[in-house]
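Data first, discussion second: the structure below is written as structure tokens.
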Amino acid sequence: RATIGIDVSKLTLDVALTVDGEQVVSSGQFANDAKGHKALLKWASKQTRKHGADEVHYTMEATGSYSEDLHEYLSEAGEMVSVENPLKVKSFSRMQMMRTKNDAVDAAVIARYAWLTKPALTPPMEPSIKRLRALARHLEHLTRRRAQEATRLEGAKDKLVIKSIKAIVKRYDQEIERATDEINRHVDDNPELKKKRDLLMSIPGVGDKLSSQILCEIKSDAVSVKAQVAHAGLAPRQRVSGTSVRGKTQICKMGNARLRKALYMPTMSAIQYNPHIREFFHKLVSQGKHKMVALCACMRKLLVIALGVLKNGVPYQEDWVSKRPVG
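Quick note on the working numbering: the sequence shown kicks off at 3 and runs consecutively.
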């Protein structure tokens with residue numbers, strides 16, 4: 003079996019091929035465009051035949067738009083592809099005590115990582131989800147920039163500057179409204195997305211914005227709830243050393259920061275209006291947990307509930323949830 007590690011950058015793809023876990027037997031560099039993707043596939047086919055491999059597993063780090071097109075191309079060609087969290091690969095590289103770092107070495111590390119860890123295959127993103135993600139991230143960007151300009155406005159003194167910033171803020175408000183309308187229209191035009199959004203919005207604390215972000219940022223339905231929580235970077239992490247040194251339990255922030263950020267304010271709302279989340283929060287605080295620790299646990303709980311209604315296809319039911327253990 004061959005593994006091909008791909009280090010993806012804006013312009014190039016550095017690749018390394020290993021067979022049966024041995025050292026790199028072949029490497030190369032291709033342009034990160036349609037022509038380069040085609041050349042990579044042709045090269046991989048030739049090299050795997052040359053080295054007697056009966057199957058090939060491509061692995062790359064998630065680098066946003068730089069890796070998405072290649073992932074889609076290889077998947078459509080029927081290839082096995084895994085797209086991994088860069089922090090996982092970085093951690094693996096540290097364990098391998100790699101001292102040299104360049105694109106070619108990174109590709110070799112990814113190939114070795116894929117051989118030893120055998121990461122799960124990553125299905126290509128559905129076109130409807132891909133567009134929803136593009137729109138949701140655009141809205142997130144607009145909202146962030148609008149907040150920055152509003153902060154500048156608070157400290158502005160010059161009349162011309164104030165007038166200019168107000169015009170910019172107004173323009174952002176218009177674009178935010180436009181992006182929001184387009185997201186709602188896109189979801190309404192897609193029956194499956196609309197059904198899932200309605201399921202999510204049956205949960206107290208979950209609105210239009212969070213439901214869209216959950217739909218486009220979670221992994222495929224085939225992934226377990228535990229893996230989804232880890233993907234969001236909300237899995238608890240405990241540090242233990244020997245038998246006497248014990249660190250505080252923290253969340254592992256190696257996952258999707260966008261999803262964590264999206265969950266923050268809705269969870270604050272859910273603590274007030276969602277009986278299940280409110281009960282869970284106050285139980286943790288009464289046990290001596292810091293309020294921020296309890297809040298993070300509630301973020302995780304809200305995500306688990308959201309994943310539950312999506313998996314079961316049933317709207318949120320307070321009576322059903324309350325029968326389950328809190329924790």
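Backbone N, C-alpha and C define an ideal beta-carbon position, used for all residues, glycine too.
Asked                                                                                                                                                    : Found
Report the three-state DSSP secondary structure of residue 1 (helix, strand or coil).                                                                    : Nothing can be reported for residue 1: it is not among the residues displayed for the chain, which extend from 3 to 329.
Measuring only the C-alpha atoms, how far is residue 319 from residue 206?                                                                               : 10 angstroms
According to DSSP, what are the bridge partners of residue 119?                                                                                          : BP columns for residue 119 are empty, so no partner.
Going by C-alpha to C-alpha distance, which of 55, 54, 85 and 52 sits closest to residue 62?                                                             : 85
Starting from residue 61, follow its DSSP beta bridges and name the residues at the other end.                                                           : 7 and 84
Give a yes or no on whether the C-beta atoms belonging to residue 301 and residue 236 are separated by under 8 angstroms.                                : yes
What's the gap between the Cα of residue 303 and the Cα of residue 47?                                                                                   : 45 angstroms
Return the residue from the list 119, 41, 11 and 228 that minimises the CA-CA distance to residue 330.                                                   : The shown model of the chain, from 3 to 329, leaves out residue 330, and the question about it has no answer.
Curious, which full-length alpha helix (DSSP H) runs of at least 4 residues does the region 167-201 contain?                                             : none
How long is the line joining the alpha carbons of residue 146 and residue 173, rounded to whole angstroms?                                               : 14 angstroms
Would you call the CB atoms of residue 39 and residue 68 closer than 8 angstroms?                                                                        : no
Please state if the CB of residue 108 and the CB of residue 9 are separated by a distance shorter than 8 angstroms.                                      : yes
What does the alpha-carbon distance come out to for the pair residue 58 and residue 19?                                                                  : 9 angstroms
Less than 8 angstroms between the C-beta atoms of residue 144 and residue 188, yes or no?                                                                : no
Can you round the beta-carbon distance between residue 13 and residue 42 to whole angstroms, since I take them to be within the 8 angstroms contact cut? : With 8 angstroms as the limit, residue 13 and residue 42 do not qualify as a contact, their Cβ atoms being about 14 angstroms apart.
Quick one: Cα of residue 123 to Cα of residue 169, how far?                                                                                              : 47 angstroms
Short check: CB of residue 26 to CB of residue 110, under 8 angstroms?                                                                                   : yes
Whose CA, out of 220, 153, 272 and 158, lies closest to the CA of residue 132?                                                                           : 220
Would you tell me roughly how many angstroms separate the C-alpha atoms of residue 77 and residue 175, rounded to the nearest one?                       : 39 angstroms
Per DSSP, residue 18 is paired with what?                                                                                                                : 7 and 29
Taking residue 81 as the reference, which of 289, 125, 90 and 92 has the closest Cα?                                                                     : 125
If you reduce the DSSP assignment to three classes, tell me which class residue 242 lands in.                                                            : Caution applies to residue 242, whose pLDDT of 43 falls short of 50 and renders its modelled position unreliable; the value that the coordinates give is listed next. Correct three-state label for residue 242: strand.
Residue 309 to residue 227, Cα distance in whole Å?                                                                                                      : 7 angstroms
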